[in-house]
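S.K.:
Protein chains: 2
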Amino acid sequence: MGQKERIPPELPGGTVDLLILKSLAGGRRHGYAIAQYIRASSGEVLELGESSLYTALQRLLLNGWVTGEWGASEHNRRARYYTLTSAGRKHLAAETREFDLVVGAIQRVLRAV
Amino acid sequence: MGQKERIPPELPGGTVDLLILKSLAGGRRHGYAIAQYIRASSGEVLELGESSLYTALQRLLLNGWVTGEWGASEHNRRARYYTLTSAGRKHLAAETREFDLVVGAIQRVLRAV
DNA sequence: CTGCCTCCCCTCGTACTGCGAGGGGGCTTG
DNA sequence: CAAGCCCCCTCGCAGTACGAGGGGAGGCAG
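Protein sequence lines correspond, in order, to chains A and B.
Be aware that the first sequence starts at 1, since it is given in this note's numbering, and climbs by one per residue.
Be aware that the second sequence starts at 1001, since it is given in this note's numbering, and climbs by one per residue.
(1) Are V169 of chain A and G1104 of chain B close, meaning C-beta to C-beta below 9 Å?
(2) Going by C-alpha distance, which of A:L62, A:N63, A:A79 is nearest W70 of chain A?
(3) Could you tell me if D100 of chain A is buried or exposed, where buried requires 16 or more neighbouring beta carbons within 10 angstroms of its beta carbon?
(4) Consult DSSP for M1001 of chain B and reduce its assignment to one of helix, strand or coil.
(5) Buried or exposed: where does T55 of chain A fall if 16 or more other Cβ atoms within 10 Å of its Cβ makes it buried?
(6) Do the region 79 to 97 of chain A and the region 1011 to 1019 of chain B touch if we need at least three Cβ pairs shorter than 8 Å?
(7) Compare the C-beta of L57 of chain A against all C-beta atoms of chain B and say whether one is closer than 9 Å.
(8) Please decide whether R1108 of chain B counts as near chain A, where near means a Cβ-Cβ distance under 9 Å.
(9) Cβ of A1112 of chain B less than 9 Å from any chain A Cβ?
(10) My understanding is that I1034 of chain B touches L1053 of chain B, with C-beta atoms under 8 Å, so please give their C-beta distance in whole angstroms.
(11) Within a Cβ cutoff of 7 Å, which residues of the same chain sit near G1064 of chain B, ignoring the five residues on either side of it in sequence?
(12) Taking the alpha-carbon of V109 of chain A as reference, which of B:I1038, B:E1010, B:Y1082 has the nearest alpha-carbon?
(13) For A1030 of chain B, which three-state DSSP category applies?
(14) Residues in the same chain with beta-carbon distance under 7 Å from S1023 of chain B, minus the five sequence neighbours each way, listed in chain order, please.
(15) Tell me whether V113 of chain A is buried or exposed, calling it buried when 16 or more other Cβ atoms sit within 10 Å of its Cβ.
(16) Measure the C-alpha to C-alpha separation of Y82 of chain A and R1077 of chain B and round it to an integer number of angstroms.
(17) From E74 of chain A to Y32 of chain A, what distance separates their C-alpha atoms?
(18) Helix, strand or coil: how does DSSP classify L84 of chain A here?
(19) Measuring only the C-alpha atoms, how far is S1051 of chain B from A72 of chain A?
(20) Could you name the residues of chain A that K1022 of chain B contacts, counting a contact when the two beta carbons are closer than 7 Å?
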C-alpha cells in the first residue's frame, strides 16, 4: 500500500518573511538556494513552495529589506541574488524577538494545566 | 507624554483555534471567559479580539470540535457555553503536536549559524 | 542533434484567517 | 437614569501561503 506520504505543513502567517531574512543573514543567496537552505536547516521539515518564496521576496524588496541583483549561479545559470539591507537586518532582529515573545506566550497557554 | 502603549501582536495563522480548544480542555466555558483565560494564562501577552474569537468559534462549531449551549453566566447573564467534543480533543492533540513540530523547525532555522 | 532532467525565474487566482468597526441587549451600581 | 461592565454576534477589509501555470537555459544520455 501507500508509502508514508510527507505532507509539508502550511507555515503560520508571517513566518515566511522571517525565514527568508534569516537565510540571508549570512550573505547573499538566490531564491532557489534560499528554499534549499530553509529545507535543510529545518531538518527537512519545512518546505517552501516556489510561489510562496517569490511572492515573499517581492514583499521584502518592496519594503526595502532586501535588494536584488542578477548574476550567475554556481551551476552557471541566470539567478537573482538577494542581499539583506541594514533596515532588513533590524527588521529581522525585531521580528525574531516578536516571534519568540508570541510563541512563548502561546506555549505557556498550551502547557498550562 | 504618552504612556507605553501595549500593542497586542497579531496571532500567527491558525493558532486562534488551538488556543480556544485548549481553553476548553479543562471544561466548558463561554466566549467571554475564553478570551479572559487566554489573556491571563499567556501572561497578559495575547489579546484575543471579540471578532476573532467568535468567528473562530463558528469554525469550531461547524467542524464539530465544540458544541454550544445557552445558559447563565456566573454574573447572571445570558451566555453560550462551549464544550469540547471527543473529535475536538483529538484535533487539539494533533494540532498541538503539529504546532510543536513546525515551531521547533522554525526555531532551528532562526537559531542556526 | 534530440529529448529530458535539473536549475532558476515569475504571475495569477483561490482560500483562508485575524481583526477593526459596527450593532445589540441586559445587570448593576451610583 | 446614566454609566459601565458583561456577553453576544456580523460584515468587510487586508494580508498571506500556496497550487497551478508558464517560461527559459545548461548539461547529459542516447
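All residues carry an ideal CB built from backbone N, CA and C; glycine is no exception.
Since the model is a prediction, treat every value here as computed from it, not as a measurement.
M.R.: Reading off the structure:
(1) Past the boundaries of the shown model lies residue 169 of chain A; chain A is included only from 1 to 113, so the question cannot be answered.
(2) Counted from its first residue, the first sequence places residue 70 of chain A at position 70. If we check each option's Cα against that of W70 of chain A, A:A79 comes out closest.
(3) Along the first sequence, read from residue 1 onward, the residue named residue 100 of chain A stands at position 100. Classification of D100 of chain A: exposed, given that the 10 Å Cβ count is below 16.
(4) Within the second sequence, the letter at position 1 stands for residue 1001 of chain B. Unreliable positioning characterises M1001 of chain B in this predicted model, as indicated by a pLDDT of 43, which lies under 50. A coordinate reading is not provided.
(5) Taking the first sequence and counting its residues from 1, the one referred to as residue 55 of chain A is at position 55. So T55 of chain A ends up on the exposed side.
(6) Verdict: no, contact absent.
(7) The residue you call residue 57 of chain A lines up with position 57 of the first sequence. It does not: the Cβ of L57 of chain A has no partner Cβ on chain B nearer than 9 Å.
(8) Position 108 of the second sequence, counted from the first residue, corresponds to residue 1108 of chain B. Yes, R1108 of chain B lies at the interface with chain A (some Cβ there is under 9 Å from its Cβ).
(9) Counting from one through the second sequence, the residue named residue 1112 of chain B turns up at place 112. Cβ-Cβ to chain A under 9 Å: yes for A1112 of chain B.
(10) Translated into the one-based positions of the second sequence, residue 1034 of chain B becomes position 34. Translated into the one-based positions of the second sequence, residue 1053 of chain B becomes position 53. Rounded, the Cβ-Cβ distance is 7 Å, consistent with contact.
(11) Taking the first residue of the second sequence as position 1, residue 1064 of chain B is located at position 64. So the list reads T1085, A1087, once near-sequence residues are dropped.
(12) Locating residue 109 of chain A in the first sequence gives position 109, where the first residue counts as 1. Of the candidates B:I1038, B:E1010, B:Y1082, the one whose C-alpha sits nearest the C-alpha of V109 of chain A is B:I1038.
(13) Position 30 of the second sequence, counted from the first residue, corresponds to residue 1030 of chain B. Checking the sequence, you will find His at residue 1030 of chain B rather than Ala. Note: H1030 of chain B maps to strand in three-state DSSP.
(14) On the second sequence, position 23 is the one that residue 1023 of chain B refers to. These residues qualify, in order along the chain: R1029, I1034, Y1037, I1038.
(15) Taking the first sequence and counting its residues from 1, the one referred to as residue 113 of chain A is at position 113. The residue in question, V113 of chain A, is exposed, as its Cβ has fewer than 16 Cβ neighbours within 10 Å.
(16) Residue numbering aside, residue 82 of chain A sits at position 82 when the first sequence is read from its first letter. Residue numbering aside, residue 1077 of chain B sits at position 77 when the second sequence is read from its first letter. Each residue's Cα considered, the two are about 57 Å apart.
(17) Counting from 1 along the first sequence, the entry for residue 74 of chain A is found at position 74. Counting from 1 along the first sequence, the entry for residue 32 of chain A is found at position 32. E74 of chain A and Y32 of chain A: Cα-Cα distance of roughly 12 Å.
(18) Counted from its first residue, the first sequence places residue 84 of chain A at position 84. L84 of chain A: strand per DSSP, three-state reduction.
(19) Start at 1 with the first residue of the second sequence, and residue 1051 of chain B comes out as number 51. Start at 1 with the first residue of the first sequence, and residue 72 of chain A comes out as number 72. When rounded, the distance between both Cα atoms is 49 Å.
(20) Working through the second sequence from its first residue, we reach residue 1022 of chain B at position 22. What K1022 of chain B touches in chain A: V109, L110.
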